[in-house]
Amino acid sequence: MKWGNACSAAALMIASAGWARAHVVSMSSGDIAIDGATARYELRMPTYEMAHVTDPGRAIFEHVKFSSGGKPARLLEGNCQEDKERATAVCIARYEFAAPVDALDVECTLHAITVPNHVHLLRAEKAGGQRDQAIFDFSFEKATLRFRPPTATEIVMAELGAGALRAVGGWVQVLFLASLVLASRSRRELMAMAAVFLFGQVAAALITPHTSWQPPARFVEAASALALAYLAVEILALPEAGGRWIVAAVLGAFHGLYFALFIQATTYRPSVVLAGAVMIEAFLIAVFALLFSRIGRIAAAFRPVQVSASALLVMGMVWFFLRLKG
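Here's what the structure looks like:
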């Protein structure tokens, strides 16, 4: 059986994945400064992430909650304003706790009002200079910040886990990996495409922070969508073309820009974060290849590669124009 027919499962998977609310980069950051029993919280989020949020001044603070000692903090005041120059929404709130804060409990469900793969980075600092931070997404909605130095093992596990979760934190990231399997025509070609994808990702994530170029999140998404659409064109119009590994490298580079933004925001060690990402991505590519080959013969008569590539082309172009519109 040809490798192309082995990819027959891709049609349904890509069709369902692509129409998810696609964002490769969906991040916000927050800083909470604690002084005894009071705190000031400031959240920053790209305005296009909040375009569909009704009454953001209320919704944001309903989905970021603080407590300490088992008692919730009382919201004294909160408001959101737009920083048009930076295309960023800035929300500021003041809280009062029942007693001076020792450990801070946080519940963050911003993914419920933005996009499912939204990531919120929270940095916390107490008046004495003690600091801690946490990352929230759909899989980690709660955390306790204890303001103590983490052990070396805790640091490594947190950074590895952050890289792995960011690599597969949404349907778009999974779509990238599935598209590599779809585009490959042999196991050897899949290995080559996967290798250059991962190399491009790591190179972009490591090199970009050392340049003066700071790509906007919208550009990263638009460029990624266009690269996916071009890969689909190659599959449909140039079935014998030999340069698909180049497109895979470009996709990897755009994906790496997301990691560059994430690493800069978290100050995590790039090598550890990227190691976690590469491990989970290599594993998922292998799983997709095995899955597609096992069930491929069931749908072979329906030209699954062409159907999947057509869906990928439509999704890529729609996603591209949506990002251009903002």
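According to mature numbering (1 follows the signal peptide of the UniProt record, and there is no 0), the stretch in the sequence shown is residues -22 to -1, 1 to 304, in order.
Just so it is clear, CB atoms sit at the ideal spot from N, CA and C, and this is done for glycine as well.
Given residue 353, which residues of its chain have a CB within under 6 Å of its CB, disregarding the five upstream and five downstream residues?
What the structure shows of the chain is the stretch from -22 to 304, and residue 353 is not part of that stretch, so it cannot be assessed.
Assuming the contact rule is C-beta atoms closer than 8 Å, residue 325 and R22 should be a hit. Round their C-beta distance to whole Å, please.
Because residue 325 is not part of the residues shown, which for the chain are -22 to 304, the question remains open.
For R163, which option in R144, E212 and P50 has the closest C-alpha, if you only look at C-alpha atoms?
Minimum Cα distance to R163 is reached at E212.
From M257 to S190, what distance separates their C-alpha atoms?
Those two C-alpha atoms are separated by around 29 Å.
Pairwise C-alpha distance: A264 and G254:
Rounded to whole angstroms, G254 to A264 spans 16 Å at the Cα level.
May I ask you to list the residues that DSSP assigns as paired with D61?
Looking at the DSSP assignment, D61 forms a beta bridge with T66.
What is the rounded straight-line gap between the Cα of residue 306 and the Cα of F75?
Residue 306 falls outside the range modelled here, since the chain spans only -22 to 304, and no answer is possible.
Should Q192 be labelled buried (16 or more other beta-carbon atoms within 10 Å of its own) or exposed?
With fewer than 16 other Cβ atoms inside 10 Å of its own Cβ, Q192 counts as exposed.
Are there three or more Cβ pairs, one per stretch, closer than 8 Å when the stretch 97 to 114 is compared with the stretch 154 to 170?
By the Cβ criterion, the stretch 97 to 114 is not in contact with the stretch 154 to 170, since fewer than three pairs of Cβ atoms, one from each stretch, lie closer than 8 Å.
Backbone CA spacing between K62 and H89 [nearest angstrom]:
Going from the Cα of K62 to the Cα of H89 covers about 23 Å.
Assuming A182 and G234 are in contact, meaning their beta carbons sit under 8 Å apart, how far apart are those beta carbons, in whole angstroms?
Between A182 and G234, the beta carbon gap of about 3 Å places them in contact (Cβ cut-off 8 Å).
If A15 and V79 are in contact, beta carbons under 8 Å, what's the gap, nearest whole angstrom?
Right, the Cβ-Cβ distance comes to about 7 Å (below 8 Å), so this counts as a contact.
Look at the Cβ atom of A227, then the Cβ atom of G178, and state whether they are nearer than 8 Å.
Going by C-beta atoms, A227 is nearer than 8 Å to G178.
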